[in-house]
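In the numbering used here, the protein residues as written are 313 to 647.
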Amino acid sequence: MIGRVIKIFSDFYYVETDFGIVESKLRTVLKKQNQEIYTGDFVELEQFDKNSMQAFISAVKNRENLITRPKVANISQVIIVSALKEPDLSFEQLDRYIAHCEYHNIKPVLCFNKEDIDDLSDLKQKIVNTYSNLNYDIMFTSALKRTGIDELRPVLKSNTTILCGQSGVGKSSLINAIFNETKLRTLPVSDKTKRGVHTTRHCELIQLEADTFIVDTPGFSHLKFDFLLPCDVQNLFAEFNDKKIKCKFKNCLHINEDGCGAEKIKKNMSESRFDSYVKFVNEAKEYEFKISKSSIKKETSVKYNKNKLMTKISNKKRNLSRKTINQNINIEETI
Ligand SMILES: Nc1nc2c(ncn2[C@@H]2O[C@H](COP(=O)(O)OP(=O)(O)OP(=O)(O)O)[C@@H](O)[C@H]2O)c(=O)[nH]1
Ligand SMILES: [Mg+2]
Ligand SMILES: [Zn+2]
């Protein structure tokens, strides 16, 4: 029997099947193989007991894709949800989510929720100016007043769509509005921090129609670009995909290099986008620095002594010299 993992709670995998939702555990052999299973995975079930609706997962089908933040498999679309207000829209956070989608080669849809709060037309205009020429679809919604929801439905059709975005922006509320019922728990943003209170704790796949799924995810805001090299960050910004860029420098970051050929692109890029770009490049630089240090360490783990290759003993394993021991004693005494 084949099913799809819709939710994971510690050791339990909830699998949607033709018979309903089956509470499943992993076969020991899969555990031993360290087989990871994610929400959205298609799995094979064995030893299905119809009475208790329990079974064992014996295999995982090949994945079409796996996005990593949060980890969900076989998705066809990402909608990045932001709130126009409460919490205030952060262009930087939005760019982080967009760049993460680009990293996974997915063009996200941008959804701006809570349009019922105040007259936000200036902000909306700024959003359109910043993102529409980058070919991202933009939607304005209110889960509360149910505006924009009918426009959202056709976007979801026949897709497995993951809603992601910071805590409190209204992801679960939007799903409730789409279903016209309270399927998911939602909570007001905190009065103190003006942020969400992390109401959704797990990724959950919900079936809207036979071939239409939505995944609710917990909001988080610490996406960092500390896993790629500085010169790769430009691939995550649609502005730099322009084939017309003719920068003569190799590995140019297009930030403040004299004579950089991307000058024109930068002029057309909105200030907030450029700021985000520079920030992400700096995070990538930290990563570059870290790996450069660790590779030096590797190289020095062996050394030549009298033409013989010797393995250097790590500092932890090496006995302290008498001088160091004496010095340490002196330090302790002075404390
Ligand atoms: N005014 C207004 N409030 C909204 C809207 N959508 C959601 N809210 C409120 O915002 C708060 C947070 O909504 P949630 O749906 O829990 O937000 P979330 O994105 O799922 O948050 P996490 O689960 O923590 O990631 C709730 O009090 C909602 O009632 C909206 O369109 N307008
Ligand atoms: Mg939620
Ligand atoms: Zn350049």
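Yeah, the Cβ is synthetic: ideal placement off N, Cα and C, and Gly gets one too. Bear in mind the structure is a predicted one, so any value in this text is a computation, not a measurement.
Checklist entry - Looking at A596 and ligand 3, is the gap between the Cβ and the nearest heavy atom below 7 Å? => result What you label residue 596 is simply residue 284 of the sequence shown in a count that begins at 1. Checking every heavy atom of ligand 3 against the Cβ of A596, none is found closer than 7 Å.
Checklist entry - Exposed or buried, which one is Q478 when buried takes at least 16 other CB atoms within 10 Å? => result Working through the sequence shown from its first residue, we reach residue 478 at position 166. Buried is the call here.
Checklist entry - Candidates N445, A395, H412, I392: which alpha carbon is nearest T380's? => result Mapped onto the sequence shown, residue 380 falls at position 68. For the residues N445, A395, H412, I392, the minimum Cα distance to T380 belongs to H412.
Item to check | Endpoints, alpha helix (DSSP H) assigned at K578 | outcome: Here residue 578 refers to the residue found at position 266 of the sequence shown. 575-580 is the extent of the alpha helix (DSSP H) around K578.
Checklist entry - Starting from D528 and walking both ways along the beta strand (DSSP E), at which residues does that stretch end? => result Mapped onto the sequence shown, residue 528 falls at position 216. Unbroken beta strand (DSSP E) run through D528: 524-528.
Item to check | Entirely enclosed alpha helix (DSSP H) segments - the stretch 467-538, minimum 4 residues | outcome: 483-491
Checklist entry - DSSP on F331, reduced to helix/strand/coil? => result Against the sequence shown, residue 331 aligns to sequence position 19. In the structure shown, F331 sits in coil (DSSP, three-state: anything other than H, G, I, E or B).
Next on the checklist: What would DSSP say about Q389, mapped onto helix, strand or coil?
Outcome noted: As a working note, residue 389 is residue 77 in the sequence shown. Looking at Q389 - three-state DSSP - the assignment turns out to be strand.
Checklist entry - Any heavy atom of ligand 3 closer than 7 Å to the Cβ of G573? => result Numbered from 1 along the sequence shown, position 261 holds the residue referred to as residue 573. Flag set: Cβ of G573 near ligand 3.
Checklist entry - Near ligand 2, which residues have their beta-carbon less than 7 Å from any of its heavy atoms, given in chain order? => result K483, S484, L496, T498, T511, T512, D528, P530, G531
Checklist entry - Which first and last residues belong to the beta strand (DSSP E) in which C413 is found? => result As a first step, residue 413 must be located in the sequence shown, where it is residue number 101. Per DSSP, C413 belongs to no beta strand (DSSP E); it is in the alpha helix (DSSP H), 403-415.
Item to check | Where V614 falls: helix, strand or coil (DSSP) | outcome: Along the sequence shown, one-based indexing puts residue 614 at 302. Here V614 scores only 48 on pLDDT, less than 50, and its place in the model should not be relied on; the value that follows carries that caveat. Strand.
Checklist entry - What did DSSP end up calling I603 once you bin it into helix, strand or coil? => result Residue mapping note: residue 603 aligns to position 291 of the sequence shown, counting from 1. Helix at I603.
Checklist entry - Going by other Cβ atoms of all chains shown within 10 Å of its Cβ, with 16 needed for buried, is V341 buried or exposed? => result In the sequence shown, counting from the first residue as 1, residue 341 sits at position 29. When all chains shown are included, V341 counts as exposed.
Checklist entry - In chain order, what residues of the same chain have a beta carbon less than 7 Å from the beta carbon of L378, not counting five sequence neighbours either side? => result By 1-based counting over the sequence shown, the position of residue 378 is 66. The residues are Y350, A385.
Checklist entry - D663: beta carbon under 7 Å from a heavy atom of ligand 1? => result The question about residue 663 has no answer, for the chain in this structure spans 313 to 647.
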